[in-house]
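Enquirer: Residue numbers (numbering that gives the first Met the number 0), protein chains in the order written: chain G, 0 to 119; chain W, 0 to 119; chain Y, 0 to 119; chain F, 0 to 435; chain C, 0 to 435; chain V, 0 to 435. Sending over a structure as structure tokens; questions will come in a sec.
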Amino acid sequence: MKMIVAMIRPEKLNDVLESLFKAEVRGLTISRVQGHGGGTERVETYRGTTVKMGLYDKVKLEIGVSEGFVETTIQAILAAARSGEVGDGKIFVLPVERVVRIRTGEENEAAVTPVKKPDR
Amino acid sequence: MKMIVAMIRPEKLNDVLESLFKAEVRGLTISRVQGHGGGTERVETYRGTTVKMGLYDKVKLEIGVSEGFVETTIQAILAAARSGEVGDGKIFVLPVERVVRIRTGEENEAAVTPVKKPDR
Amino acid sequence: MKMIVAMIRPEKLNDVLESLFKAEVRGLTISRVQGHGGGTERVETYRGTTVKMGLYDKVKLEIGVSEGFVETTIQAILAAARSGEVGDGKIFVLPVERVVRIRTGEENEAAVTPVKKPDR
Amino acid sequence: MRLLAMTIFIALGAAQAASQADGGTTAWMLVSTALVLLMTPALAFFYGGLVRQKNVLNTMMMSFAALGVVTLVWALFGYSLAYGGGSRWIGDLSMLFMHGIDLSGKMPALLDVAFQGTFAVITAALISGSLVGRMRFLPWLLFIAIWTVCDYAVLAHWVWGPAGSALLKDLGAIDFAGGTVVHINAAIAGVVAVMVLGPRKDFGRLAFLPHNIPFVLLGAGLLWFGWFGFNGGSAYGANASAALAFTNTFLAPAATMTVWMILEALRGGRATAVGAATAAVVGLVGITPAAGFVGPLGALWLGALVAFPSYFFISIRPRLKLDDSLDVFGAHGLGGMSGALLTGVFAAKAWGGTAGALEGNIGLLWVQIEAVLAAVIFSALMSWLILRLLALLMPLRAADDEQAVGMDALCHGEEAYPVAEGAILVLDRENDGGAR
Amino acid sequence: MRLLAMTIFIALGAAQAASQADGGTTAWMLVSTALVLLMTPALAFFYGGLVRQKNVLNTMMMSFAALGVVTLVWALFGYSLAYGGGSRWIGDLSMLFMHGIDLSGKMPALLDVAFQGTFAVITAALISGSLVGRMRFLPWLLFIAIWTVCDYAVLAHWVWGPAGSALLKDLGAIDFAGGTVVHINAAIAGVVAVMVLGPRKDFGRLAFLPHNIPFVLLGAGLLWFGWFGFNGGSAYGANASAALAFTNTFLAPAATMTVWMILEALRGGRATAVGAATAAVVGLVGITPAAGFVGPLGALWLGALVAFPSYFFISIRPRLKLDDSLDVFGAHGLGGMSGALLTGVFAAKAWGGTAGALEGNIGLLWVQIEAVLAAVIFSALMSWLILRLLALLMPLRAADDEQAVGMDALCHGEEAYPVAEGAILVLDRENDGGAR
Amino acid sequence: MRLLAMTIFIALGAAQAASQADGGTTAWMLVSTALVLLMTPALAFFYGGLVRQKNVLNTMMMSFAALGVVTLVWALFGYSLAYGGGSRWIGDLSMLFMHGIDLSGKMPALLDVAFQGTFAVITAALISGSLVGRMRFLPWLLFIAIWTVCDYAVLAHWVWGPAGSALLKDLGAIDFAGGTVVHINAAIAGVVAVMVLGPRKDFGRLAFLPHNIPFVLLGAGLLWFGWFGFNGGSAYGANASAALAFTNTFLAPAATMTVWMILEALRGGRATAVGAATAAVVGLVGITPAAGFVGPLGALWLGALVAFPSYFFISIRPRLKLDDSLDVFGAHGLGGMSGALLTGVFAAKAWGGTAGALEGNIGLLWVQIEAVLAAVIFSALMSWLILRLLALLMPLRAADDEQAVGMDALCHGEEAYPVAEGAILVLDRENDGGAR
Ligand SMILES: Nc1ncnc2c1ncn2[C@@H]1O[C@H](COP(=O)(O)OP(=O)(O)O)[C@@H](O)[C@H]1O
Ligand SMILES: Nc1ncnc2c1ncn2[C@@H]1O[C@H](COP(=O)(O)OP(=O)(O)O)[C@@H](O)[C@H]1O
Ligand SMILES: Nc1ncnc2c1ncn2[C@@H]1O[C@H](COP(=O)(O)OP(=O)(O)O)[C@@H](O)[C@H]1O
């Protein structure tokens, strides 16, 4: 089991989601984050207060997958998230020792296989 | 040392927190995330614009624990977070190589043992 | 490759960022989280409803670094984030198996070396 | 078709009476009407800020939609039932569909339909505070439509109907701007509805916190502003009585707010923003029946005193079984009752009222108590009846799992603060088929 | 210097005429002017809530800045061109720089500059709804400044100019408060501008959702409130006509909102908050030309009927190629047109209007159609001309990558809800040198 | 008990004088009072949007609570001290507890207590902008209560007291609606308070950014709206003077906003939303003393000119040691001073003012300077005195670690946008015992 963590551009999220669904990757969690890479800053002014904004809005994806899905998932993200400009983001692959599905208590592989009942 | 990452239903958070406190698990970090599982989507309409909302609000818990606490923590979460409906979430256990308590510089086991002074 | 995850006080973020930049650590992602440590709670009242707020606002940093940078990064965070009061936060070091730079597809070491073009 | 025929008929029949309008009166009544109308969106914010994020649109829509539905039934049916001659118990149908109402008079007669209409709207909207987070939207709309005709119009007739055929007015009860008709009435309807519908899922177990307190302050500020039309306009002229009612509407809530902050500071240690906003509303409710009948010092005393029952009731309410979610009873019910009774105490002949208890006329106090009781009993019975009947036709309450999702998604298919990321655009309109 | 000289000159020349002012009239016109002014910030919230978070300040500033720029050109140039005698086509320059306007009259003459000025401001602001998310700020300011003088003032002259030298008024067309001049005019300008500027990046591909629907409701509530001044004030007095216009402005949107909610419920299954807010505005637009000319039942019918074209057009609009982002055409264009035509149907002699089609005078309907067509054609041509000329001078549209960053950062160097964490304070002011 | 006795006494003694009220005058003054009242919640939003999220409720409450506390002290003590005959320096106690104020007069006398009361409230609220983020709540309430009586009422007496016993009025200084009494006075009090309390923790080190700029625009829009009552109502009638003051209140801020946007564009490259909102307020402040005394072109010039000092001061202020957090001095102090002086320049006899410098009467300019100086000196001394005395009784300033937590949690035990998740419901009320 691996946890794939990807920081991507917010405007690419929909494309990435679509691309992941096509690749049959179903379970994932996203969060709104801010990132700093190697680039320049944006300047903003509020009355006399001038500030440099070094952080850009990004979206973080966390996707727990079984070994066999790692490459597919990475390729799906790469294909959809790339704009070619600095700031496209990074993908990290972290080892996972155990996964539990809360609803059933199923563990590992079984826990990341999706079911077809409605999510709420 | 392990990092237990759990995505749960927001409405279960209070129960989970209580359950964790009872299990003497003290240090944790939560964040508001959105998740996609295997289920159906919600449809929303804004003027003529109809959208499918594939993402549901979830809460992510991150809990750094020493080895001995892993099972306790998982059981505490399972007990409190389960509703039995699709969407209850997942628990991931990730390996951690090192922990540092910023306040004191203490490392590892010592770093995750709580103190009794007020948090601010 | 390691992923350094640090929970710090929001008011220390600017100092930490500065300290990291001085240490030549460039790529990072932050998110707003809420944490619970070992301390007391804040009480709030809304009309007759009294609540204990056990959670405090924190900022989470995620910094993917190559092995050689781990110590530097930890020291930079420690130096800037410490107030000495309970609630200063924790640093976790997690193993990373693979890193991909989305823009170029570069992997691992190459993926975390910053470039000088503008980030957007 | 019949309505259309009527349009033409009435249009032709209307007498032009422009020349009679009095400028000052008309100007002030135009303004007052606009001010009272604004109170409904204001209430939407006062209430909307107090609920959880997943219920804010539904909460606001419960007020906002009243501007549509209640306005219609009021103009077509309610006005005639309230202000037509009829009997002591109810008006007649002589002005059904605004029949025969023209523009004659110092204040053009038609304007009164609008002025009184804004009162009917805000009254219905007030009830929603008891019910947020669980009542379905369609039964809500039907409820307020029926309630406006069967409850509000009747009580309005009792209090403000033509002299000689108005139950409570003829009794000698005084209510300057609608403490009984608007506030007590709405609060009792709210409490009854809570009993019929039951508490929200998780009530008493989870903390329900406001999601946006600045909205609460915005609502309170705009309510206060609008209330100058509510009370000041009830003088029906730009005259001394309006000036008195207006000034009292400025003074009384100030006293209430000050007392409330002191109570909070003494008990909990901190004066809260939600408390200050609530206090302002309680003070405004309290002065409503008294506005044109008491002097300015009387208004200050009244404002200070109405703080107590409401403050203490609201403090303990979350510990009661009663999930009157946004304290309509605590604020409007108790505020309205204490206001009505204190009107009986502070009313001063020299300021335009009947003599009150302080001027030796204990009788007025008794009449006021009778009027309050009559309103409470009538409102309770009628509201209960309407809701039980509606419950036969459709479920009134959202199921527990629907409440968990939130009323915004359930009833309106919207979120208050949508985040488009992750949303997939659907260009071929599909039927969502979801529950509602 | 010349202006300064003029200041002094005019100052000295002005006749003091305080004694002529009529209290009631002046009071109501003062209030009406303030109410119409409030509509522009209200619109900023109505529009601002409907856009994505990264564009909210720019959207609001497109309205807000009109209060600065349009007010200036209106007072200095526009008023004279609109209300000066001149020819049937355009006024003259006799009141340039407010020359010769004093305080005489039942309503002090100068106040009319302000009252009409608030109309010019809101009209310009309305256009912005079509263009949010892509038009640069400097060309926007120049556009509305030129457009106010060359388009708005001209059309205002046609409709409201002095009798005998006003193109459409002399034709017999009636427009109580500006359906043609304000709403149709702004909507057509918006559509033309969309054609010139093109759609937003990602239009039709991504879902653009509102970021704050409570703001939309706030805007709608304040717009309704302000509209009482817009329509009621157009009676130019606190009289029967104002009372009629006012009451109709209360009734018509209520009918529109109710019909709209029913349409939504029948089709999509849920009445939405954005829909209710939109409906209120559509109803207000619809009643605008008719307000003082139709009876209250006519207003209800008119309100109910205007819901249909706007509702169906707005439902399909996202599927058209036309990125009229916030449906200015659907709400104000179609609402204004159906309102203008229905005025020709429901206008009633007895209520102060010309006889309309329902009273047998089909002629009025034809005249109304002519007036609408004239406004559409003129507005389209003039707006197109101004934009093409401006496009020669500077780029009108933000580049795709600039749109991705958002108009707030691009045009104003600000975010709507800044988070200071991670922001580094710069004490030595530097030139940011960024694109704009 | 004494107060209660007084209530009855006054109630009995009051003369009914309904018949004397003039409709137009009364209607406009009722409206004006409501409009000025609305300015305080408006200011709460203007200020509240400009602060960080953890301080927004406290910031809003500093304004909101003034509606309670200042209203009380004003009605009971301040009004008499300001408007009673007394000496040139201060009024007398003849109207203490509103004694002897009835409803007689073209404008019912009692209404003036309310109208002037709303001025007192907003003035106190204005001061808070200097102090947000560090002043404890109890000393704030005590400060504004004392300050209203000892500073505001005195200065109001100097400027608006009865002719013959009003220091600055008798000198020949003119101030139409309160530039000196309200704006300069509040700004100086703010600056003095900053000196006494010191800057916020981390001032000059971290960037303090606004948390919600739409709220700033909402506040500015509502302030502008309310200001029509502030300036227009200061004519005390629905007459030519009101129309002039009103129109100037429309024109001047438009000019200020336009100039401000140009200045920003020339210097920083971008016209900001916070800037536009600030400019509108500065223009409104600037025209306040001049509103009924200058012609409309004079108002445009005045509006354009007042932009400069405020703009440049606010641009450099964050680089000064002075943590006047929300630029009360830059906006209200400098705006008020330039307005007062430019009133001396542009005042025009024909428009109802004394002749100003442009009409050859340099003397007026000197008198205006004297009046400004008198206000500055008095306000500085009195504010300093009150604060030093209060500081003897209790700490005025929140400790650094308390500031870090935020004033909302500290002073009110609330958050502005609470998230209930993670909150544990406490049904047995406990004493929180926390610091405040
Ligand atoms: N080492 C890192 N650790 C964590 N997040 C990173 C790291 N490097 C980049 N990121 C995330 O990826 C985003 C884009 O990275 P950046 O370096 O600007 O782009 P690029 O990969 O195109 O050079 C950043 O905003 C940040 O959120
Ligand atoms: N593979 C995964 N990786 C990351 N998060 C996941 C994964 N699967 C599920 N989640 C999280 O758990 C939530 C519930 O999962 P879901 O699959 O809908 O429920 P269930 O486990 O009951 O089948 C999701 O909304 C998402 O946040
Ligand atoms: N075991 C843990 N797992 C995850 N986050 C933790 C853990 N312990 C602490 N934290 C984070 O660090 C923050 C500060 O920790 P706390 O224990 O209060 O302070 P200290 O380390 O000074 O004793 C918490 O609010 C929480 O966000």
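Every residue, glycine too, gets a C-beta built ideally from N, C-alpha and C.
Work out the CA separation of residue 268 (chain C) and residue 49 (chain W) for me, nearest whole Å.
Expert: As a first step, residue 49 (chain W) is located in the second sequence; it is residue number 50 there, counting from the start. As a first step, residue 268 (chain C) is located in the fifth sequence; it is residue number 269 there, counting from the start. Residue 49 (chain W) and residue 268 (chain C): Cα-Cα distance of roughly 13 Å.
Enquirer: Measure the alpha-carbon distance for residue 511 (chain C) versus residue 325 (chain C) and round it to whole angstroms.
Expert: Nothing in the structure corresponds to residue 511 (chain C), since chain C is present only between 0 and 435.
Enquirer: Along the chain, where does the alpha helix (DSSP H) containing residue 436 (chain F) start, and where does it finish?
Expert: Because residue 436 (chain F) is not part of the residues shown, which for chain F are 0 to 435, the question remains open.
Enquirer: So, is the C-beta of residue 29 (chain G) closer than 9 Å to a C-beta in chain F?
Expert: Within the first sequence, numbered from 1, the residue matching residue 29 (chain G) stands at position 30. Interface residue, yes.
Enquirer: At a Cβ cut of 8 Å, what residues of the segment 206-221 of chain C count as close to chain F, listed as they run along the chain?
Expert: 206, 207, 208, 209, 210, 211, 212, 213, 216, 217, 219, 220 and 221: these are the residues of the segment 206-221 of chain C whose beta carbon lies less than 8 Å from some beta carbon of chain F, given in chain order.
Enquirer: List the residues of chain F that residue 316 (chain C) touches, going by C-beta distances under 7 Å, in chain order.
Expert: The count along the fifth sequence starts at 1 and reaches residue 316 (chain C) at position 317. Here the premise fails: no neighbours, minimum Cβ distance about 12 Å.
Enquirer: With H, G and I counted as helix, E and B as strand and the rest as coil, what does DSSP make of residue 56 (chain W)?
Expert: As a first step, residue 56 (chain W) is located in the second sequence; it is residue number 57 there, counting from the start. Strand, per DSSP.
Enquirer: Compute the minimum distance between the beta carbon of residue 400 (chain V) and the heavy atoms of ligand 4, and state whether it is under 8 Å.
Expert: Absence of ligand 4 is noted for the structure shown, with ligand 1, ligand 2 and ligand 3 being the only ligands found.
Enquirer: Does residue 67 (chain C) come out as helix, strand or coil in the three-state DSSP assignment?
Expert: One-based indexing of the fifth sequence puts residue 67 (chain C) at position 68. Residue state, collapsed to three classes: helix.
Enquirer: Just checking: is the beta-carbon of residue 54 (chain G) within a distance shorter than 9 Å of some beta-carbon in chain C?
Expert: The sequence position of residue 54 (chain G) within the first sequence is 55, counting from 1. By this cut-off, residue 54 (chain G) is an interface position.
Enquirer: For the segment 60-77 of chain Y, enumerate the residues whose C-beta is nearer than 9 Å to any C-beta of chain F, in chain order.
Expert: none
Enquirer: So is the beta-carbon of residue 102 (chain W) under 8 Å away from any non-hydrogen atom of ligand 3?
Expert: Position 103 of the second sequence, counting from 1, holds the residue named residue 102 (chain W). Answer for residue 102 (chain W): yes, Cβ within range of ligand 3.
Enquirer: So residue 291 (chain V) packs on residue 233 (chain V), CB below 8 Å; how close in whole Å?
Expert: Here residue 291 (chain V) refers to the residue found at position 292 when the sixth sequence is read from its first residue. Here residue 233 (chain V) refers to the residue found at position 234 when the sixth sequence is read from its first residue. Contact holds; Cβ gap of about 7 Å.
Enquirer: Excluding the 5 residues flanking residue 153 (chain C) on each side, which residues of the same chain have their C-beta closer than 8 Å to its C-beta?
Expert: Residue 153 (chain C) sits at position 154 when you count from the first residue of the fifth sequence. Correct list, in chain order: 80, 81, 88, 89, 377 and 381.
Enquirer: Give the secondary structure of residue 49 (chain G) by DSSP, where H, G and I count as helix, E and B as strand, and everything else as coil.
Expert: Residue mapping note: residue 49 (chain G) aligns to position 50 of the first sequence, counting from 1. Reduced to three states, the DSSP call for residue 49 (chain G) is strand.
Enquirer: Determine the direct distance from the alpha carbon of residue 199 (chain F) to that of residue 402 (chain F), and round the result to whole angstroms.
Expert: One-based indexing of the fourth sequence puts residue 402 (chain F) at position 403. One-based indexing of the fourth sequence puts residue 199 (chain F) at position 200. Residue 402 (chain F) and residue 199 (chain F): Cα-Cα distance of roughly 8 Å.
Enquirer: Going straight from the alpha carbon of residue 0 (chain G) to that of residue 45 (chain F), what length do you get?
Expert: The residue given as residue 0 (chain G) occupies position 1 in the first sequence. The residue given as residue 45 (chain F) occupies position 46 in the fourth sequence. Spanning the two alpha carbons is a distance of roughly 50 Å.
Enquirer: Residues in its own chain within less than 6 Å of residue 4 (chain Y) by CB, not counting five upstream and five downstream?
Expert: Stepping through the third sequence from its first residue, residue 4 (chain Y) is reached at position 5. Around residue 4 (chain Y): 61 and 91.
Enquirer: Please tell me whether residue 178 (chain F) and residue 69 (chain F) are closer than 9 Å, where the distance is taken between their beta carbons.
Expert: Your numbering for residue 178 (chain F) matches position 179 in the fourth sequence. Your numbering for residue 69 (chain F) matches position 70 in the fourth sequence. Going by C-beta atoms, residue 178 (chain F) is not nearer than 9 Å to residue 69 (chain F).
Enquirer: Name the chain Y residues that come within less than 7 Å of residue 267 (chain F), Cβ to Cβ?
Expert: Position 268 of the fourth sequence, counted from the first residue, corresponds to residue 267 (chain F). Contact of residue 267 (chain F) with chain Y by beta-carbon distance below 7 Å involves 44.
Enquirer: Cα separation between residue 186 (chain F) and residue 130 (chain F)?
Expert: Looking up residue 186 (chain F) in the fourth sequence gives position 187. Looking up residue 130 (chain F) in the fourth sequence gives position 131. Take the alpha-carbon of residue 186 (chain F) and the one of residue 130 (chain F): they are about 11 Å apart.
Enquirer: Candidates F:248, F:392 and F:92: which alpha carbon is nearest residue 66 (chain V)'s?
Expert: In the sixth sequence, residue 66 (chain V) corresponds to position 67, counting from 1. Taking residue 66 (chain V) as reference, the option from F:248, F:392 and F:92 with the minimal CA-CA separation is F:248.
Enquirer: Could one say the Cβ of residue 312 (chain C) lies closer than 9 Å to chain F's Cβ atoms, at least one of them?
Expert: Here residue 312 (chain C) refers to the residue found at position 313 of the fifth sequence. Taking Cβ atoms only, chain F never reaches closer than 9 Å to residue 312 (chain C), which makes this a no.
Enquirer: With DSSP as the reference, label residue 25 (chain G) as helix, strand or coil.
Expert: Translated into the one-based positions of the first sequence, residue 25 (chain G) becomes position 26. If DSSP states are grouped into helix, strand and coil, residue 25 (chain G) belongs with coil.
Enquirer: Here's the rule I'm using: 16 or more other beta-carbon atoms within 10 Å means buried, otherwise exposed. How should residue 8 (chain Y) be labelled?
Expert: Reading the third sequence from its first residue, position 9 is the one you call residue 8 (chain Y). Counting Cβ neighbours within 10 Å, residue 8 (chain Y) comes out buried, since at least 16 surround it.
Enquirer: What would DSSP say about residue 301 (chain F), mapped onto helix, strand or coil?
Expert: Walking along the fourth sequence from the start, residue 301 (chain F) turns up at place 302. In the structure shown, residue 301 (chain F) falls within a helical segment according to DSSP collapsed to helix, strand and coil.
Enquirer: List, in order along the chain, the chain C residues whose C-beta lies closer than 8 Å to that of residue 34 (chain W)?
Expert: As a position in the second sequence, residue 34 (chain W) is number 35, starting the count at 1. The contacting residues do not exist; residue 34 (chain W) stays about 19 Å from chain C at best.
Enquirer: By how many angstroms is the C-alpha of residue 327 (chain F) removed from the C-alpha of residue 191 (chain F)?
Expert: Start at 1 with the first residue of the fourth sequence, and residue 191 (chain F) comes out as number 192. Start at 1 with the first residue of the fourth sequence, and residue 327 (chain F) comes out as number 328. Looking at the two C-alpha atoms, the distance is approximately 11 Å.
Enquirer: I'd like the span of the alpha helix (DSSP H) that includes residue 283 (chain C), first residue to last.
Expert: Locating residue 283 (chain C) in the fifth sequence gives position 284, counting from the first residue. Counting along the chain, the alpha helix (DSSP H) containing residue 283 (chain C) begins and ends at 272-286.
Enquirer: Anything in chain V within Cβ reach of residue 411 (chain C), meaning under 7 Å, just list it in chain order.
Expert: Counted from its first residue, the fifth sequence places residue 411 (chain C) at position 412. Near residue 411 (chain C) (Cβ distances below 7 Å), the residues of chain V are 269, 270, 271 and 272.
Enquirer: Under 9 Å, do residue 422 (chain C) and residue 208 (chain V) count as touching if we go by C-beta distance?
Expert: Position 423 of the fifth sequence, counted from the start, is the residue given in the question as residue 422 (chain C). Position 209 of the sixth sequence, counted from the start, is the residue given in the question as residue 208 (chain V). Yes.
Enquirer: Assign residue 0 (chain V) to one of three DSSP states: helix, strand, or coil.
Expert: As a first step, residue 0 (chain V) is located in the sixth sequence; it is residue number 1 there, counting from the start. A caution first: residue 0 (chain V) carries a pLDDT of 43, below 50, which makes its placement in the model unreliable, though a value can still be read off. Residue state, collapsed to three classes: coil.
Enquirer: Determine, for residue 48 (chain G), whether the minimum Cβ-Cβ distance to residues of chain V falls below 9 Å.
Expert: As a position in the first sequence, residue 48 (chain G) is number 49, starting the count at 1. True, the Cβ-Cβ gap to chain V drops below 9 Å.
Enquirer: CA-CA distance, residue 304 (chain F) and residue 254 (chain F)?
Expert: As a working note, residue 304 (chain F) is residue 305 in the fourth sequence. As a working note, residue 254 (chain F) is residue 255 in the fourth sequence. Near 9 Å, if we compare the C-alpha coordinates of residue 254 (chain F) and residue 304 (chain F).
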